[in-house]
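Structure first, commentary second.
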Amino acid sequence: MALPCVEVATAPASEAFLANPKDVVSLVQPAFDLLKSTKGLLKIYYGRETEDPSQVYVYPIWEKLEDHKALQADAVQYPILGEHCGRFMGAASNVIHIRPLAEPYKALEAPATELAYMTVNPGVPKATLETKLDELAKMVNALPESWGAISAVWGPTVERDDTLGLIIGWTSVDAHWNAVKTVPELISQLKDIREIATINLTHQILAPY
Numbered sequence: 035m036a037l038p039c040v041e042v043a044t045a046p047a048s049e050a051f052l053a054n055p056k057d058v059v060s061l062v063q064p065a066f067d068l069l070k071s072t073k074g075l076l077k078i079y080y081g082r083e084t085e086d087p088s089q090v091y092v093y094p095i096w097e098k099l100e101d102h103k104a105l106q107a108d109a110v111q112y113p114i115l116g117e118h119c120g121r122f123m124g125a126a127s128n129v130i131h132i133r134p135l136a137e138p139y140k141a142l143e144a145p146a147t148e149l150a151y152m153t154v155n156p157g158v159p160k161a162t163l164e165t166k167l168d169e170l171a172k173m174v175n176a177l178p179e180s181w182g183a184i185s186a187v188w189g190p191t192v193e194r195d196d197t198l199g200l201i202i203g204w205t206s207v208d209a210h211w212n213a214v215k216t217v218p219e220l221i222s223q224l225k226d227i228r229e230i231a232t233i234n235l236t237h238q239i240l241a242p243y
């Protein structure tokens, strides 16, 4: 079975969303119902960033990238989707697609989800970063359960040829920070990665729709 394509849409939350962040189903329902009726849409996850709770994240999971592109090309449905998204997004969303090399669902359904974009430094072969990131993901997946790592997946991003995406599910945000500050193998691997790439990471608390 082919692996899905993960869309990551981020935007400032609307005033209505921020006014009642614990009860936003009615705000997201029109947009997400439209998405769920679209060919190729498999799942939807959504939530806020823990570092900056004013930022909302939506993860539509597509059977393939072309399914999302077909929706974007739909002159009738896509503008309607944009109007619906305005109920919970305060501005147009920034969209990145990640092609994960393993199924992403466990990472997205975890109590806390880490999203990291790693951009290779100029002059460094992208393959070098790919090797290091693959090693990192395998290390995380091999951690004992007590460390709180649930699942790590990574893959290239469609929009940025020099950037790879990493999604890790944790039992908590604190579990992530504790692991990367305490496990020697992770500390060493992250040090190597920071020497060849820039890391931009956030955490979200996601819910399925």
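For the sequence shown, our numbering assigns the number 35 to the initial residue and increments by one for each residue that follows.
Idealized CB from N, CA, C, for every residue including glycine.
Remember, predicted model here, so these are calculated numbers, not experimental data.
DSSP places Pro190 in no alpha helix (DSSP H) but in the uninterrupted beta strand (DSSP E) bounded by 183-190. Only buried fits Trp96, as 16 or more other CB atoms lie within 10 angstroms of its CB.
Per DSSP, the unbroken alpha helix (DSSP H) holding Met173 starts and ends at 160-175. Judged by DSSP in its simplified three-state form, Lys140 adopts helix.
Beta-bridge partners of Glu83 (DSSP): Gln238. When rounded, the separation of the alpha-carbon atoms in Gln106 and Asp168 is 32 angstroms. A straight line joining the alpha-carbon of Leu68 with that of Ile114 spans about 9 angstroms.
Secondary structure within the region 42-111: the beta strand (DSSP E) runs of 3 or more consecutive residues, fully enclosed, are 75-83, 89-96 (chain order).
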